[in-house]
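One structure is given below, encoded as C-alpha cells.
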Amino acid sequence: MPDNLRVELGERSYDIKVGDRLLATAGTLIAPLLKNKQAIIVTDETVARFYLHRLTNSLEDANIRYRCAIVKAGEPTKSLEAFGELMETLLEYKPERGTTLIALGGGVVGDITGFAASILLRGVDFIQIPTTLLSQVDSSVGGKTGINSKWGKNLIGSFHQPLMVLADISTLSTLPKRELLAGYAEMLKYGLIRDEAFFTWLEANGRSLIDGNPALRSEAILNSCSAKAEIVAADEKEHGLRALLNFGHTFGHALEAETGYGDKLLHGEAVAIGMIMAMQTSVAMGICPKADLERTLAHYQACGLPHSPKQIQDEWNINALMDHFTRDKKAKDGKLTFILARGIGQAFTTQDVDSGLIRDILAQACSA
Ligand SMILES: NC(=O)c1ccc[n+]([C@@H]2O[C@H](COP(=O)([O-])OP(=O)(O)OC[C@H]3O[C@@H](n4cnc5c(N)ncnc54)[C@H](O)[C@@H]3O)[C@@H](O)[C@H]2O)c1
Ligand SMILES: [Zn+2]
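Given below as C-alpha cells:
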C-alpha cells in the first residue's frame with residue numbers, strides 16, 4: 023500500500039501517494055477523480071520507453087480511454103516553440119473540458135503538462151506521476167507550472183494544482199546516478215531551510231538512499247513532500263514562507279542560464295552549488311557559523327554533490343551572472359531578494375544584501 027500525504031488547499035486539496043510499483047495500480051487510484059474517463063498522457067521519449075506501457079495497462083484495467091503525447095526528453099522541451107507544438111498535439115486529440123492530462127516523467131514533463139492543463143480549453147485537470155527523484159520530492163508538488171523564455175527560466179507559467187501526485191519509487195531504478203544526485207540536492211534543501219533533524223538524518227542515511235535502499239528512499243521522499251506540502255498549504259502563491267524553497271535557486275538559476283540549461287549543469291546541480299553560495303554569503307555577512315557551512319560541504323563530499331561553479335567550467339563571466347539576478351522573478355522594485363541561512367535549518371528571506379558582496383562571493387566561488 024502506498025503511503026499517503028495530503029496537501030491542504032481547501033477545495034483544491036490533493037493526495038500525494040508514495041510507494042513501490044504504484045504505476046501498476048495508477049488507473050484504479052485515479053479513476054474516482056476523473057470527470058470523464060478520458061485522459062491524455064504526456065511523457066518524454068525516454069520515460070515512454072521504460073514506463074508508458076505500465077501506465078497504459080493500468081488505465082486499460084480501469085477502463086480509462088487515453089491518447090499519448092510524447093515529447094523529446096530534456097529542458098529544450100520547455101521552450102515556447104516546443105510547448106506550442108505540444109498544445110497543437112493536445113488539441114488534435116479533441117480534448118473535452120472533462121479530459122484529464124497525466125504527466126508521466128520528470129520535472130520537465132510535469133511543468134509543461136501542468137501549464138498546458140492550466141490553459142487548454144481555459145483549464146482542465148491534471149495528474150502528476152513523477153519519475154525522477156527531483157520531481158518526486160519537489161516539482162510535482164505545489165502547483166507551479168511553466169516554460170522558459172530566452173529571458174530566463176520558468177518566466178512563463180501559472181499556478182495550477184494537480185488532482186493527485188503518484189510517486190512510484192520503482193521508477194528510480196532506471197534513473198542515471200547523476201540525475202538521482204541532482205534530485206537529492208532538492209531533498210537536502212528541506213533540511214537546510216527548516217529541518218536540521220532531517221539534515222542529520224540525511225547525513226546518516228543519504229549514502230544508502232542514493233545507493234538504492236527502497237525503504238530509506240520512501241521515507242525521505244515522504245518527508246520531503248510533507249515539508250513542501252506544509253509550506254505550500256501555508257503560502258500557495260509565494261507571498262512569504264514559500265520563498266524559502268528558492269534557497270540556492272537565485273545563484274543556481276544564474277549558473278544554469280550561463281550554461282544554457284543543458285547537460286552541462288543540471289537544475290539540481292545548480293541548486294546544490296547555489297545553496298553553498300547562499301551559505302557562503304551568510305557566513306561572509308557574519309550571520310551563519312562557518313562550522314555549518316563546513317558540515318554541509320562535508321556531506322556534499324560524502325555523497326558526491328558538486329559544490330563549486332569551478333567544477334562545472336573553468337571560466338565564468340561575473341558580469342553576466344550578476345545580470346541574471348536582476349531578472350530574477352524574486353526581484354521586488356528592482357531590489358534583489360536572497361534566501362540566506364543563520365545556520366543549517368534556519369533559512370530566511372532578505373532584501374538586505376549588498377550587491378558588492380554578492381559579486382565578491384561569485385568571484386571567489388568561480389575561482390576556488
Ligand atoms: N514546478 C516546480 O515547482 C519545479 C521545481 C523544481 C524544478 N522544476 C523544473 O523541473 C525540471 C527538472 O526536472 P528533472 O530533473 O526531473 O528533469 P527532466 O524532466 O528533464 O528529467 C531528467 C532526465 O531523466 C529522464 N528520466 C525521467 N525519469 C526517468 C526514469 N525513471 N528513468 C530514466 N530516465 C528518466 C528524462 O527523460 C530526462 O532525460 C526543470 O525544468 C525545473 O525548472 C520545477
Ligand atoms: Zn529547484
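Sequential numbering of the sequence shown, starting at 23, is according to my numbering. Glycine included, every Cβ here is placed at the ideal spot set by N, Cα and C.
- Per DSSP, S140 has no beta-bridge partner at all.
- C90 carries a strand assignment under DSSP once its states are collapsed to helix, strand and coil.
- Annotation: A342 to L102 spans about 23 Å, alpha carbon to alpha carbon.
- At the C-beta level, G106 and H346 stay beyond 9 Å of one another.
- Between the beta-carbon of G326 and that of M297 there is about 15 Å, and that puts the pair past the 8 Å contact cut.
- Shortest gap from the CB of D133 to any heavy atom of ligand 1: under 8 Å.
- In this structure, A95 has its beta carbon less than 8 Å from a heavy atom of ligand 1.
- Secondary-structure assignment with DSSP links T167 through a beta bridge to S180.
- Excluding the 5 residues flanking it on each side, F72 has same chain C-beta neighbours closer than 7 Å at T196, in chain order.
- Considered as a whole, the stretch 326-387 harbours 360-363, 369-372 as its complete beta strand (DSSP E) runs of no fewer than 3 residues, in chain order.
- Under the three-state reduction of DSSP output, F269 falls in the coil class, being neither helix nor strand.
- Looking at the backbone, the Cα of H329 and that of V131 are separated by about 27 Å.
- Sorted by chain position, residues whose beta-carbon lies closer than 6 Å to a non-hydrogen atom of ligand 2 are D160, E208, H271, H289, V293.
- Straight-line measurement puts the Cα of F360 at about 7 Å from the Cα of T272.
- Residue range 102-114 is occupied by the alpha helix (DSSP H) that includes M109.
- With a minimum length of 4 residues, the unbroken runs of alpha helix (DSSP H) contained wholly in the stretch 227-276 fall at 236-256.
- L194 has its CB nearer than 8 Å to a heavy atom of ligand 1.
- Looking only at A369, H321, A237, the smallest Cα-Cα distance to I309 is reached by A369.
- Between I191 and Q158, the gap from beta carbon to beta carbon is short of 9 Å.
- In the pairwise beta carbon analysis, the stretch 215-226 is classified as touching the stretch 242-249: at least three pairs are separated by under 8 Å.
- DSSP lists Y36 as the bridge partner or partners of V29.
- Contact between V187 and Y36 holds: CB atoms are separated by about 7 Å, below the 8 Å threshold.
- Residue nearest to N176 within the set T371, N26, N268, D382 is N268 (criterion: CA-CA distance).
- Between Q150 and P184, the C-beta gap is smaller than 9 Å, which places the two residues in contact.
- For P54, the secondary structure class from DSSP, reduced to helix, strand or coil, is helix.
- When Cβ pairs closer than 8 Å are counted between the two stretches, the stretch 206-218 is seen to touch the stretch 248-264, the count reaching three or more.
- Close CB contacts of P236 within its chain, under the 7 Å cut and outside five residues either way in sequence, are with D42, I191 (chain order).
- Taking the C-beta atoms as reference points, I38 is found nearer than 9 Å to C247.
- Taking all protein chains in view, the Cβ of H261 is surrounded by fewer than 16 other Cβ atoms within 10 Å, so the residue is classified as exposed.
- Membership of I63 in the beta strand (DSSP E) is indicated by the continuous run 60-66.
- Setting aside the 5 residues that flank it on each side, L55 is surrounded in the same chain by L185, M186, each with a C-beta closer than 7 Å to its C-beta; the list follows chain order.
- Counting other Cβ atoms within 10 Å of its Cβ, Q333 stays below 16 and is therefore classed as exposed.
- The beta carbon of D66 sits closer than 8 Å to at least one heavy atom of ligand 1.
- Taking one beta carbon from each stretch, the stretch 313-320 and the stretch 374-387 have fewer than 3 pairs nearer than 8 Å; the two do not touch.
- In the same chain as L112, and ignoring 5 residues on each side of it, the C-beta atoms closer than 7 Å to its own belong to I62, A91, A138, L142, in chain order.
- A straight-line Cα-Cα distance of about 45 Å links M109 and A226.
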